[in-house]
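To start, the structure itself, in structure tokens.
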Amino acid sequence: MLRIPNKNHALCLSISFSPASPMAATMLSLSSPLPPSSHPPCSSPPPPPPRALLEIQRSRIIACLRTSEGQLALEASRAALRGGVSVVEIVMSTPGVLEVIKELVDEHPSSVIGVGTVLDAADARKAINVGAKFLMNPCTVMDILFDVQDDEVLYIPGVMTPTEVLSAYKSGARIVKVYPVSILGGHKYISALKKPFPHIPMVASQGIAMDSIGRYIQEGASAVVLSDAIFEKEAMRQRNFDEIQRLARLASFQGLGAGKHQGQDIFIYDELLVMLMKTNSSCILE
Numbered sequence: 001m002l003r004i005p006n007k008n009h010a011l012c013l014s015i016s017f018s019p020a021s022p023m024a025a026t027m028l029s030l031s032s033p034l035p036p037s038s039h040p041p042c043s044s045p046p047p048p049p050p051r052a053l054l055e056i057q058r059s060r061i062i063a064c065l066r067t068s069e070g071q072l073a074l075e076a077s078r079a080a081l082r083g084g085v086s087v088v089e090i091v092m093s094t095p096g097v098l099e100v101i102k103e104l105v106d107e108h109p110s111s112v113i114g115v116g117t118v119l120d121a122a123d124a125r126k127a128i129n130v131g132a133k134f135l136m137n138p139c140t141v142m143d144i145l146f147d148v149q150d151d152e153v154l155y156i157p158g159v160m161t162p163t164e165v166l167s168a169y170k171s172g173a174r175i176v177k178v179y180p181v182s183i184l185g186g187h188k189y190i191s192a193l194k195k196p197f198p199h200i201p202m203v204a205s206q207g208i209a210m211d212s213i214g215r216y217i218q219e220g221a222s223a224v225v226l227s228d229a230i231f232e233k234e235a236m237r238q239r240n241f242d243e244i245q246r247l248a249r250l251a252s253f254q255g256l257g258a259g260k261h262q263g264q265d266i267f268i269y270d271e272l273l274v275m276l277m278k279t280n281s282s283c284i285l286e
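Position 122 (the sequence shown) corresponds to 122 in full-length UniProt numbering; numbering is contiguous.
This is the structure we're talking about:
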């Protein structure tokens, strides 16, 4: 069988002939080998995952910010990034969100900045144009999944049921957001979903406290979304960016360490962090 790539390299053609055919005789009579082909192979390996996905899976923490003031969103995000969080999501409804995203991307090129609750493809493209590296939703927007997600931009659709998990994954989602997870059963619900779908990466989102990060990771979540746990309401109201930075440092520390602890150790680890929070001390993390 002779395999010949066509001129567009998108299709492989096959020509079959018997050893007794004239074509076979001609081919066998060639005394010099053919030059190496310059054509690409008929199939190529899949592209590497987006940097956003790799960083989410490494750090295990997505800091999610929703506020009614653009400048507050900018300053609070800066505080979280100073604290060691490397993945920040700002909700699309935030006033001036595109300007905030652009400024954060310019200031922190090694961090991963994304936009949340992006409900149509037009807004998704606007976010990407200013540098957003991921888009995340409480639901699945097929227009974004099919038309906007690419090798550079990660889309994280929201799912709730097993059917939605599998549907989003089969439609091309690389990772899904389980929402609203605390209402659905918390880390036990993640554990239940991971039993039939161990191959599907999941982010747990909604109502997750600082002292439960480790439990979610242990039950199979690739990462957790933290909102009030980092952007605590009173700290936001008082513009206490030092406190936001401290909470971000605690979250980052726990996220990086959670995957290294198993069984009872992970709960001891959680209790240590709660103790640090109560004493308002971050010296151990410096």
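Don't be surprised by glycine CBs; every beta carbon is placed ideally from N, CA and C.
The model shown is predicted, which means the values in this text are computed figures rather than measured ones.
Nearest-angstrom Cα separation, counted from residue j out to residue i
i: Val115; j: Ile101; result: 8 Å
i: Asn240; j: Val148; result: 37 Å
i: Thr117; j: Pro138; result: 6 Å
i: Arg215; j: Val224; result: 10 Å
i: Gly158; j: Asp211; result: 23 Å
i: Pro198; j: Tyr189; result: 13 Å
i: Leu166; j: Gly185; result: 19 Å
i: Glu103; j: Pro196; result: 41 Å
i: Glu164; j: Val141; result: 12 Å
i: Gly220; j: Phe231; result: 25 Å
i: His187; j: Ser171; result: 25 Å
i: Val85; j: Thr161; result: 29 Å
i: Asp120; j: Asp143; result: 7 Å
Beta-ladder partner(s) of residue i, from DSSP
i: Glu89; result: Cys64 and Gly114
i: Lys177; result: Gly158 and Val203
i: Leu250; result: DSSP lists no partner for Leu250.
i: Met136; result: Gly116 and Ile156
i: Leu226; result: Ala63
Closest residue to residue i among the options (Cα-Cα distance)
i: Pro109; options: Asp151, Leu81 and Leu135; result: Leu81
i: Leu74; options: Ile244, Gln149 and Ile190; result: Ile244
i: Met136; options: Asp151, Leu98, Met92 and Val165; result: Met92
i: Ile128; options: Met142, Phe146, Asp150 and Pro138; result: Asp150
i: Val87; options: Glu55, Pro201 and Lys233; result: Glu55
i: Tyr179; options: Ser171, Ile156 and Asp242; result: Ile156
i: Ser77; options: Ser111, Val130, Gly220 and Pro47; result: Ser111
i: Arg51; options: Leu250, Gln254 and Phe134; result: Phe134
i: Ile113; options: Asp123, Arg125, Ala122 and Val130; result: Val130
i: Gln238; options: Ser191, Ala124 and Leu72; result: Leu72
Residue i vs residue j beta-carbon contact at 8 Å
i: Leu256; j: Ile175; result: no
i: Ala79; j: Ala248; result: yes
i: Val203; j: Ile62; result: yes
i: Ser252; j: Gly96; result: no
i: Ile217; j: Arg58; result: no
i: Leu193; j: Ala173; result: no
i: Ser205; j: Lys233; result: no
i: Pro201; j: Ser182; result: no
i: Ala258; j: Ile208; result: no
i: Gly70; j: Glu99; result: yes
- Message: For the region 84 to 91 against the region 59 to 67, do three or more pairs of beta-carbon atoms, one drawn from each stretch, fall closer than 8 Å, so that the two count as touching?
- Response: yes
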